[in-house]
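The block underneath contains the structure these notes are about, expressed in structure tokens.
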Amino acid sequence: MSHSCYHCGEDVPAGTDFKVEILGEQRDMCCPGCQTVAETIVTSGLVSYYQFRTAPAEKVDLVPEQLQALIHYDNSDVQAEFVRDDGAHKEVTLSLDGVSCAACAWLIEKQLNSETGVTTIRVNTTTNRALLCWDDSKTKLSRILNRIHQLGYKAAPFEADQQEAFYHATMKQYLYRLGIAGLATMQVMMLAVALYLEAFGDLDPEFKNYFRWVSLIFATPVLLYSALPFYLNAWRSLRGRTLGMDVPVSIALIFAYVASLIATVTRQGEVFFESISMFTFFLLVGRFLEMRARRKAAAASGNLLKLIPAIANRLDGEQVPVKTLQPGEQIRVLPGEHIPADGKILTSRIHVDESMLTGESLPVVKQPGDSVFAGTLNGEEAFELEVTATKNDSVISNIVRLQDAAQSSKPRIAELADIVARYFVAIILLIAAATWLFWHQTHPEDAFWIMLSVLVATCPCALSLATPTALTCATSRMGGFGLLLRKSHVFETLCKVNHLVVDKTGTLTRGKIELRDTRVYSDWSQQQCLAIAAALEQHANHPLATAFHPYRDENVTVTGVGNVIGSGLQGLFDGQPVAIGNARFVLGTDNHQDVNAVYLAINGEHAATFYYQDPIRKEAGPFIEQLHQAGIKITLLTGDSQANAALVADQLGIDQVISGAKPEDKLASLNQINLHDITMMVGDGINDAPTLAGAHISVAMGGGTDVAKASADMVLLGDKLDKLLEARKLAIQTRRVIRENLAWSLGYNLLILPLAVAGLVAPYIAVVGMSASSIIVVSNSLRLLKDSGK
Numbered sequence: 001m002s003h004s005c006y007h008c009g010e011d012v013p014a015g016t017d018f019k020v021e022i023l024g025e026q027r028d029m030c031c032p033g034c035q036t037v038a039e040t041i042v043t044s045g046l047v048s049y050y051q052f053r054t055a056p057a058e059k060v061d062l063v064p065e066q067l068q069a070l071i072h073y074d075n076s077d078v079q080a081e082f083v084r085d086d087g088a089h090k091e092v093t094l095s096l097d098g099v100s101c102a103a104c105a106w107l108i109e110k111q112l113n114s115e116t117g118v119t120t121i122r123v124n125t126t127t128n129r130a131l132l133c134w135d136d137s138k139t140k141l142s143r144i145l146n147r148i149h150q151l152g153y154k155a156a157p158f159e160a161d162q163q164e165a166f167y168h169a170t171m172k173q174y175l176y177r178l179g180i181a182g183l184a185t186m187q188v189m190m191l192a193v194a195l196y197l198e199a200f201g202d203l204d205p206e207f208k209n210y211f212r213w214v215s216l217i218f219a220t221p222v223l224l225y226s227a228l229p230f231y232l233n234a235w236r237s238l239r240g241r242t243l244g245m246d247v248p249v250s251i252a253l254i255f256a257y258v259a260s261l262i263a264t265v266t267r268q269g270e271v272f273f274e275s276i277s278m279f280t281f282f283l284l285v286g287r288f289l290e291m292r293a294r295r296k297a298a299a300a301s302g303n304l305l306k307l308i309p310a311i312a313n314r315l316d317g318e319q320v321p322v323k324t325l326q327p328g329e330q331i332r333v334l335p336g337e338h339i340p341a342d343g344k345i346l347t348s349r350i351h352v353d354e355s356m357l358t359g360e361s362l363p364v365v366k367q368p369g370d371s372v373f374a375g376t377l378n379g380e381e382a383f384e385l386e387v388t389a390t391k392n393d394s395v396i397s398n399i400v401r402l403q404d405a406a407q408s409s410k411p412r413i414a415e416l417a418d419i420v421a422r423y424f425v426a427i428i429l430l431i432a433a434a435t436w437l438f439w440h441q442t443h444p445e446d447a448f449w450i451m452l453s454v455l456v457a458t459c460p461c462a463l464s465l466a467t468p469t470a471l472t473c474a475t476s477r478m479g480g481f482g483l484l485l486r487k488s489h490v491f492e493t494l495c496k497v498n499h500l501v502v503d504k505t506g507t508l509t510r511g512k513i514e515l516r517d518t519r520v521y522s523d524w525s526q527q528q529c530l531a532i533a534a535a536l537e538q539h540a541n542h543p544l545a546t547a548f549h550p551y552r553d554e555n556v557t558v559t560g561v562g563n564v565i566g567s568g569l570q571g572l573f574d575g576q577p578v579a580i581g582n583a584r585f586v587l588g589t590d591n592h593q594d595v596n597a598v599y600l601a602i603n604g605e606h607a608a609t610f611y612y613q614d615p616i617r618k619e620a621g622p623f624i625e626q627l628h629q630a631g632i633k634i635t636l637l638t639g640d641s642q643a644n645a646a647l648v649a650d651q652l653g654i655d656q657v658i659s660g661a662k663p664e665d666k667l668a669s670l671n672q673i674n675l676h677d678i679t680m681m682v683g684d685g686i687n688d689a690p691t692l693a694g695a696h697i698s699v700a701m702g703g704g705t706d707v708a709k710a711s712a713d714m715v716l717l718g719d720k721l722d723k724l725l726e727a728r729k730l731a732i733q734t735r736r737v738i739r740e741n742l743a744w745s746l747g748y749n750l751l752i753l754p755l756a757v758a759g760l761v762a763p764y765i766a767v768v769g770m771s772a773s774s775i776i777v778v779s780n781s782l783r784l785l786k787d788s789g790k
């Protein structure tokens, strides 16, 4: 017996068993497609679609309209463009529409974190972005996006170009609303002069009532259209059982309009149409300027992605979208173009401007085989490139992702400010109600507008903006230094650091061994000795071998090379035995063993001694000196020998040295220091990873291992140590700006509140004060972008 598919109405084929529980019953489906769509509808909370539909869904239109724009985000090919998958969880950066304050962020985080399958979601109110991490085996991205939509907000994967278009569309709407409010305010204020200053005091009551009706006509579109964003934000907050900044604003507007409407119709009492229009106008001006300022603060990381071109040129001349490039593909990059993908150079010696990554303006010379990164700028030579990473996995995409994570995770001071702001709204509503009751008993004619002033003047918008705008600007400025933040506590902790623990190799030194001197003890020339040594060392893979690479001579070959682990190499050159290594291996004695030296023997005789060094970075000296001047203790913590560590410490003026330390020894030593001081650890190797994780704040060098970078709080992309000094100064400046913002916002509210309650603040003054307070806080934060090049 055949039966119909509950979703589309077609016959269910015999022998199939596709079922979905809908409205408490198991429903039959005709195919996996209908089953998947039905499951998505149910899990997305849209089961009412089946209750109210008038006909089965058609095969061409299986999904309710609300899900059509979201369900394609579950497609793995689509997700490859913007979703990061580490195997256990998936991560995506979302653009949000409708988020206006800390309460909005709190509402989204509270509701989404309770959803099955959502690991974490962190919302940044400054950038209007959210960082979402979820388990794809337990929930789908479309369901999470739909849940955000149910809360009254819109969400979609972040794309820089789409975000830019959305921003301009939003600003255009604000200008329309602002224009209507401005025109209405001018007209209503002219009528208010006639009504309240009694310039036409001899007019009949009929004319005065006529002015009120005209004022009502002008104020109505302001209330219904211009002020609409405030009502939407307030409704989202109330529906989520929280109190946002726009709740008191909306209450004030609606109360004032209703009271004025009743007064106009009954011809009794006062009207506040000029206050409604002026309030909305000034508030929109404040929000407009605030959005522009926040946009400037948030634009830096988004602008990085814009440096990646949309189109790449394959070697056969075909143009393809950059987002479709896969590892292994080969493309051609023309002179003056931004490099479209991470990859390795196949041809040509080129110059690349990497300032957007490292903050260094001088071009970097790149040879065939070297790595280059998407978004960096090619010089004057065309070259061929082999792609090594997709756009989503590129270095620049990871930087933006990590920046968003750092900005979205709130330090303690930001969380405290958000909590205070939420409770502050509830307190203001209670105070406003008490104010009305008091004045209604004593001066009932003034009670309403005094309550209105209290609601407007004390809106804690500035308080909720004080910390996130400063942190966003500072994070952007850090990017200009070539410093990538991974954790939110960096700015707090960096101000308190009083002890630097630093690795030697690859941190204070370049980590690239080079020869500093060659001494010949035979009839062989220096050039011949170096060529023979290079021919031997090409068969080794230890770091010292790379120091001999520049001295390779194709005419000099060594045969029968054998590697004696821990000692050196030996072979035959023109039939003569040759050996290179330590003194015991080459010379048969330890008496001649010098620090940082290797020996060459030809035909059993000492031919030459090569002295090598790991050169100290040129900025290491000033870096250590300035830290000393700032009163910061410095400890050199290295696994290298005491002799090498002491040599570096003496040159740089480092007092305390811990050498020969294994990874577990490094961590134990750091823990001892942590008992007394606030430490910053700087390192680059795998053996530094535990120590980096154990320090109060840690920095991984950009040229270091991925393990070290994953353990660090910051990554120094350009390997320039002096950037850490600038970062510390910026952290101290950021702390000062945050304190100034909090002091201003709290001080303003504590000052204006008693004045408003006492009836000394007119509604329009309250509007100007509240808007100015928010603009001052945001403008003060923007000072952190100064000289950042953003």
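Residues in the sequence shown are numbered consecutively from 1, following full-length UniProt numbering. Backbone N, C-alpha and C define an ideal beta-carbon position, used for all residues, glycine too.
For M701, DSSP records a beta bridge to L716.
Per DSSP, the unbroken alpha helix (DSSP H) holding H149 starts and ends at L141 to Q150. In this structure W134 is buried. Its beta-carbon is surrounded by 16 or more other beta-carbon atoms within 10 angstroms.
When rounded, the separation of the alpha-carbon atoms in D553 and A533 is 10 Å. Three or more Cβ pairs drawn from the segment 174-191 and the segment 217-237 lie within less than 8 Å of each other, which places the two stretches in contact. As the crow flies, the alpha-carbon of T388 is around 14 Å from that of A312. Burial check for Q35: the Cβ neighbour count within 10 Å reaches 16 or more, so the residue is buried. Here the alpha carbons of T691 and D640 stand approximately 16 Å from one another. Restricting attention to H542, F610 and G604, the CA atom closest to the CA of V595 is found in F610. Closest by C-alpha distance to Y210, out of L132, A192 and I396, is A192.
Nearest neighbour of I121 by Cα position, chosen from N128, R519, T127 and L132, turns out to be L132. For G571, the secondary structure class from DSSP, reduced to helix, strand or coil, is strand.
Within its own chain, the residues whose Cβ lies closer than 8 Å to the Cβ of V247, once the five positions on either side in sequence are excluded, are A234, S237, L238, V425 and L429, listed in chain order. For V558, no alpha helix (DSSP H) encloses it, and the DSSP letter there is neither H nor E.
Proximity to F288 across L253, P229 and P335 peaks at P229, based on C-alpha coordinates. Counting only residues of its own chain and dropping the five nearest sequence neighbours on each side, K666 has a CB closer than 6 Å to the CB of L637 and T691.
A straight line joining the alpha-carbon of L544 with that of Q570 spans about 16 Å.
In the three-state scheme derived from DSSP, where H, G and I count as helix and E and B as strand, V118 is classed as strand. By alpha-carbon distance to I602, the top candidate from D86, K19 and G581 is G581.
For R617 against T734, the beta-carbon gap comes to about 27 Å, at or over 8 Å, which does not count as contact. Nearest neighbour of F383 by Cα position, chosen from P309, S525 and K344, turns out to be K344.
I765 is a Cβ neighbour of A457, given a cutoff of 9 Å. Secondary structure at V83: coil, using DSSP grouped into helix, strand and coil.
With respect to F279, L253 sits close: the two C-beta atoms are nearer than 9 Å. When only Cα atoms are considered, A466 and E329 end up about 47 Å apart. V768 places its beta carbon 9 Å or farther from that of W744. If you draw a straight line from the Cα of I108 to the Cα of Q326, it is about 35 Å long. Between the C-alpha atoms of T589 and I658 there is a straight-line separation of about 29 Å. Secondary structure of W134 (DSSP, three-state): strand. Spanning the alpha carbons of L377 and Q656 requires a straight line of approximately 43 Å. If you keep only unbroken beta strand (DSSP E) runs of at least 3 residues inside the segment 318-388, you get 319-321, 330-333, 343-345, 350-353, 364-366 and 383-387. Beta-bridge analysis with DSSP links M171 to no other residue. About 6 Å separates the CB atoms of S476 and L785; that is less than 8 Å, so the two are in contact. Exposed is the label assigned to R516, since fewer than 16 other Cβ atoms lie within 10 Å of its Cβ.
Fewer than three beta-carbon pairs drawn from the segment 433-445 and the segment 693-703 are found closer than 8 Å, and the two stretches are therefore not classed as touching. Around the beta carbon of N644, 16 or more other beta carbons lie within 10 angstroms, which makes this residue buried.
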